[in-house]
Amino acid sequence: AQTVTQSQPEMSVQEAETVTLSCTYDTSESDYYLFWYKQPPSRQMILVIRQEAYKQQNATENRFSVNFQKAAKSFSLKISDSQLGDAAMYFCAYRSNFGNEKLTFGTGTRLTIIP
Amino acid sequence: DTGVSQNPRHKITKRGQNVTFRCDPISEHNRLYWYRQTLGQGPEFLTYFQNEAQLEKSRLLSDRFSAERPKGSFSTLEIQRTEQGDSAMYLCASSPEGDRGVYEQFFGPGTRLTVL
Chain A
1 AQTVTQSQPE MSVQEAETVT LSCTYDTSES DYYLFWYKQP PSRQMILVIR
51 QEAYKQQNAT ENRFSVNFQK AAKSFSLKIS DSQLGDAAMY FCAYRSNFGN
101 EKLTFGTGTR LTIIP
Chain B
1 DTGVSQNPRH KITKRGQNVT FRCDPISEHN RLYWYRQTLG QGPEFLTYFQ
51 NEAQLEKSRL LSDRFSAERP KGSFSTLEIQ RTEQGDSAMY LCASSPEGDR
101 GVYEQFFGPG TRLTVL
């Protein structure tokens, strides 16, 4: 079974600064997807960024980028120019590409933005 | 609003009662998922539908839990004889059937269940 570990329960960053959230995962599969989801307080979860394991190039979405290290099974999220609206729980998630549709989530990192 | 909707948003019930939640996916999304999220944890997969067929169930889904998706549209999740351990946020998500790499799951706002 796949597992996802987020070792930082809480992180904080000054507004306009850069912060990196860590995620590691365990799998024996070679083909899979990784995701970062954002869950603002009392609001629904939204996708921030995704990475296909077969792609070596790290995904980027505006201020959000990932550092995908397949051999190390590491998938960190970097948020540049942090904004107050980035304050939320961030979840790392794994999805197999072998017929199993479910997302396996980590326990999350609560990100606080300091004005 | 064309997002995933869930009703009710909050449900308080007494132990032993039955509860039913509804999820309306994004129109034309043929895949629908249920997750459970307890305080301080990430969502945990419960079950998954492709159209009206329930294709996978987690071991977390005990005999007291049942989910349906008649006609491949909305879905219901019923919990019978609720227990205090069932208190959680129940999340629904939907996704379209797409080409390789298009697997975003769109989440609803959730139903928060409190069992007294």
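Those sequence lines, one after another, are chains A and B.
With the working numbering, you'll find the first sequence wraps up at 115, consecutive numbering, no jumps.
With the working numbering, you'll find the second sequence wraps up at 116, consecutive numbering, no jumps.
C-beta: ideal position from N, C-alpha, C; glycine also.
Best match in the options for proximity to residue i [C-alpha to C-alpha]
i	options	result
A:F75	A:Y33, A:P9, A:K38, A:D86	A:Y33
B:L46	B:P70, B:K14, B:G40, B:D86	B:D86
B:Q17	B:L91, B:Q84, B:G110	B:Q84
A:F68	A:R95, A:S96, A:S22	A:S22
A:L84	A:V13, A:A93, A:E29, A:D26	A:V13
A:R63	A:A71, A:T20, A:Q44, A:A53	A:T20
B:P25	B:R59, B:Q50, B:Q37, B:R112	B:Q50
A:I79	A:Q6, A:L47, A:G106, A:V66	A:V66
A:T3	A:F105, A:E29, A:S30	A:F105
B:T82	B:P70, B:R69, B:F74, B:S62	B:S62
A:K73	A:A93, A:P115, A:Y25, A:L47	A:Y25
B:P43	B:L116, B:A88, B:V115	B:A88
A:Q6	A:D86, A:L77, A:S42	A:L77
B:Y35	B:E28, B:H29, B:S27, B:Y48	B:Y48
B:P109	A:M45, A:E15, A:E10, A:S30	A:M45
B:Q41	A:E101, A:I114, A:E10	A:E10
A:L47	A:D86, A:Y54, A:Q56, A:Q57	A:D86
A:N97	A:E15, A:A53, A:S42, A:Q8	A:A53
B:A133	B:K71, B:T38, B:G3	Residue 133 of chain B is absent from the structure shown; chain B starts at 1 and stops at 116.
Min CB distance residue i to chain B below 8 Å
i	result
A:E101	yes
A:L47	yes
A:G108	yes
A:F105	yes
A:F75	no
A:Q44	yes
A:T98	Per the sequence shown, residue 98 of chain A should be read as Phe rather than Thr. Judged by the 8 Å Cβ criterion, A:F98 is not in contact with chain B.
A:F91	yes
Buried or exposed (CB count within 10 angstroms, at least 16 for buried), residue i
i	result
B:S94	buried
A:Q51	buried
A:S28	exposed
B:Q105	buried
B:R31	buried
A:I113	buried
B:Q6	buried
Cutoff 6 Å; reference residue i; Cβ partners in own chain excluding five residues on either side
i	result
A:E17	S82
A:A59	I49, Q51, V66
B:F21	L77, Y90, T111
A:P40	A88
B:S66	E78
Contact test: residue i Cβ vs the ligand GTP heavy atom, cutoff 7 Å
i	result
A:M89	Ligands are entirely absent from the displayed structure, and the ligand GTP is therefore not among its contents.
For residue i: DSSP bridge partner residues
i	result
B:S58	B:S58 pairs with nothing; no bridge assigned.
B:H10	B:R112
A:F68	A:F75
B:C92	B:W34
A:I49	A:W36
B:S75	B:C23
Residue-level contact to chain A via CB, residue i, 8 Å cutoff
i	result
B:P109	yes
B:Q41	yes
B:Y48	yes
B:R31	yes
B:E68	no
B:Q105	yes
B:E52	no
B:F74	no
Neighbourhood of residue i by C-beta distance below 8 Å, restricted to the same chain and skipping five residues each side
i	result
A:A93	V4, L34, F35, W36, Y37, L103, T104, F105, G106
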